[in-house]
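Asks: Take this structure first; my questions come after.
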Amino acid sequence: MAVFQATRTRSTHRAGLHEITEEVAGELARSGLSQGIVQVFCPHTSCSLVMMENADPSARRDLEGWFDRLVPAADPNFEHTAEGPDDMPSHIKMALTRSGESIPFCDGKLLLGTWQGIFLWEHRRHPHRRTFVVTVLGE
Amino acid sequence: MAVFQATRTRSTHRAGLHEITEEVAGELARSGLSQGIVQVFCPHTSCSLVMMENADPSARRDLEGWFDRLVPAADPNFEHTAEGPDDMPSHIKMALTRSGESIPFCDGKLLLGTWQGIFLWEHRRHPHRRTFVVTVLGE
Amino acid sequence: MAVFQATRTRSTHRAGLHEITEEVAGELARSGLSQGIVQVFCPHTSCSLVMMENADPSARRDLEGWFDRLVPAADPNFEHTAEGPDDMPSHIKMALTRSGESIPFCDGKLLLGTWQGIFLWEHRRHPHRRTFVVTVLGE
């Protein structure tokens, strides 16, 4: 058993889902490990991770739209608004999804389903430079 | 430290929660490992995993009913409807819950709470044959 | 590679977020391990774990308030009410967040973001004594 760890960055030019499956698979390949778990971690509180359908862009648009309707920016109940109207909705959308996702791998390949991708979900409207940590545990 | 990995299948005859705690515990027993983490992964985008109260069936029915009201099938905003009205709600319910759950174990036993079970949540109405991957990391 | 595991308890005097970052960091230090993954697990079905902004208390109050409005206690649809009106909402809030959170570490330090803390979220109104399991996998 061994540990491999790498940090990647991704610039997000807009709110919404940004696929990072290839970056994660690339770090797994670099680890040289054959079987175990890859953990992806997002050290931010206004973006998050989610597994999602990766074939039809309309599925991602519908997911983003539904979350926008569930957590409207103009909620008069919010007190934490110092960074603008998308500040508190971003934290809530992060809490409803994940800061970490773990994916098993075998024969050096992620055991993802055919239609399954790993996405960094930017919840802020303005461009950000985001980091994620890929940790591979296995043999 | 060692890795053990197994793939299981479960036929889901209806939408809702299907307990898989025994299958996961069975794979842990087969691993022969004593202490570490069991990770369960669901390689689908229209079903998911959730930890839930496993004693009173009404708690599971209330959870299913609440999610059905939160994400109604007949939402006119949805664009991704090729596979029917339960297509997009399934992806949303998956994103709101988990594709992976990790449970610690000690002395070869899952450290679950008294009322805690691991459930595969089928979000589609029609029967499906679902897969889940159990990975045990430990010693 | 090695495994370290410890169980901690926390008394919750009120519903809401209770930060446990220091306890988790303390167990990581006790493990003596340098690089890998820390997994925190909550063996309860009416409280949960969440990563959240740890600087401004208003962000946590807004998150709690938003969840209370999303899952009102007085929902006449609920059948599972034996333990009171906050019984079923607690299970739902648990399902919407996490029973387990995993955080990578390097050089013996959690790779948390600047504003990121680990919180035990008590969903019941009355005081409870809660347990969480910290498992460290690494080298």
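Chains as they are written, first to last, in UniProt numbering: chain Z, 1 to 139; chain F, 1 to 139; chain C, 1 to 139. Where is the CB? At the ideal position from N, CA and C, for every residue including glycine.
For Z/R129, which residues from the same chain have a beta carbon less than 7 Å from its beta carbon, with the 5 sequence-adjacent residues on both sides left out?
Replies: T9 and S11
Asks: Using beta carbons (cut-off 8 Å, strictly below), is Z/S99 in contact with chain C?
Replies: Closer than 8 Å to some Cβ of chain C, the Cβ of Z/S99 qualifies, so yes.
Asks: Given a cut-off of 8 Å on the beta-carbon distance, is the pair F/W115 and F/V50 in contact?
Replies: F/W115 is not a Cβ neighbour of F/V50, given a cutoff of 8 Å.
Asks: Check each candidate in C/H123, C/S31 and C/N54 and name the one with the smallest Cα separation from C/D87.
Replies: When only C-alpha atoms are compared, the closest one is C/H123.
Asks: Starting from Z/P104, find everything on chain F with Cβ-Cβ shorter than 7 Å and list it in chain order.
Replies: Q5, Q39, F41, V133 and T135
Asks: Give me, in chain order, the residues of the same chain whose beta-carbon lies closer than 6 Å to that of Z/S58; leave out the 5 immediate sequence neighbours on both sides.
Replies: Cβ within range, chain order: n/a, list empty.
Asks: Does F/R30 pass the burial test, meaning 16 or more other C-beta atoms within 10 Å, or should it be called exposed?
Replies: exposed
Asks: Which residues in the same chain have their Cβ closer than 7 Å to the Cβ of F/Q35, if we skip the five residues on either side of it in sequence?
Replies: F105, C106, G138 and E139
Asks: Can you pull the chain Z neighbours of F/I20, defined as C-beta to C-beta under 7 Å?
Replies: Under the 7 Å cutoff, chain Z gives no residues; its nearest Cβ is about 15 Å from F/I20.
Asks: Can you list, in chain order, the residues of the stretch 70–92 of chain Z whose Cβ is nearer than 7 Å to any Cβ on chain F?
Replies: none
Asks: Helix, strand or coil for Z/M88, going by three-state DSSP, please let me know.
Replies: helix
Asks: Which residues does DSSP pair with C/G16 in a beta bridge?
Replies: C/E122
Asks: Which residue or residues does DSSP assign as beta-bridge partners of Z/A6?
Replies: Z/V134
Asks: Measure the C-alpha to C-alpha separation of Z/H19 and Z/L110 and round it to an integer number of angstroms.
Replies: The sequence shown places Glu at residue 19 of chain Z, not His. Each residue's alpha carbon lies about 15 Å from the other.
Asks: For the stretch 8–76 of chain F, list the beta strand (DSSP E) runs that are entirely contained and at least 3 residues long, ordered along the chain.
Replies: 16–19, 36–41 and 47–53
Asks: Report the partner residues of F/K109 according to the DSSP bridge assignment.
Replies: F/C106
Asks: Would you mind stating whether Z/I118 and Z/T45 have Cβ atoms separated by less than 8 Å?
Replies: For Z/I118 and Z/T45, no; Cβs fall outside 8 Å.
Asks: To be precise: take each residue of the stretch 110–134 of chain C, compare its Cβ to all Cβ atoms of chain Z, and keep it if any distance is under 7 Å. Which residues remain?
Replies: L111, L112, G113, W115 and Q116
Asks: Could you name the residues of chain F that Z/G65 contacts, counting a contact when the two beta carbons are closer than 7 Å?
Replies: N77
Asks: Can you pull the chain F neighbours of Z/V50, defined as C-beta to C-beta under 8 Å?
Replies: A95
Asks: Under 8 Å, do Z/P43 and Z/T131 count as touching if we go by C-beta distance?
Replies: yes
Asks: Is it right to say Z/E83 is buried, meaning 16 or more other beta carbons lie within 10 angstroms of its own, or is it exposed?
Replies: Exposed is the call here.
Asks: So what does C/E101 bridge to, in DSSP terms?
Replies: C/V40
Asks: Given a cut-off of 8 Å on the beta-carbon distance, is the pair C/L96 and Z/L96 in contact?
Replies: yes
Asks: Within a Cβ cutoff of 6 Å, which residues of the same chain sit near F/E23, ignoring the five residues on either side of it in sequence?
Replies: R8
Asks: Counting contacts by CB-CB distance shorter than 8 Å, is C/T12 in contact with chain F?
Replies: no
Asks: Starting from Z/T9, find everything on chain C with Cβ-Cβ shorter than 9 Å and list it in chain order.
Replies: Residues of chain C with a Cβ closer than 9 Å to the Cβ of Z/T9 do not exist, since the nearest Cβ in that chain sits about 13 Å away.
Asks: Keeping to the same chain, check which residues put their C-beta closer than 7 Å to that of C/R98; ignore five residues upstream and five downstream.
Replies: S48, L49 and V50
Asks: Would you please verify whether the beta carbon of Z/E139 is less than 8 Å from any beta carbon of chain F?
Replies: yes
Asks: Is the beta carbon of Z/S102 less than 8 Å from the beta carbon of F/G100?
Replies: Yes; because the gap between Cβ atoms is below 8 Å, this pair is in contact.
Asks: Taking CB distances under 8 Å as the criterion, tell me whether C/D62 reaches chain Z.
Replies: yes
Asks: My understanding is that Z/Q39 touches C/I37, with C-beta atoms under 8 Å, so please give their C-beta distance in whole angstroms.
Replies: 6 Å
Asks: Name the chain F residues whose beta carbon is nearer than 8 Å to that of C/A2?
Replies: M1 and E139
Asks: If you compare alpha carbons, which of C/D75, C/W66, C/P85 and C/G26 is closest to Z/N77?
Replies: C/W66
Asks: CB-CB under 8 Å to C/H80, same chain, minus the five flanking residues each way: which ones, in chain order?
Replies: D87, M88 and H91
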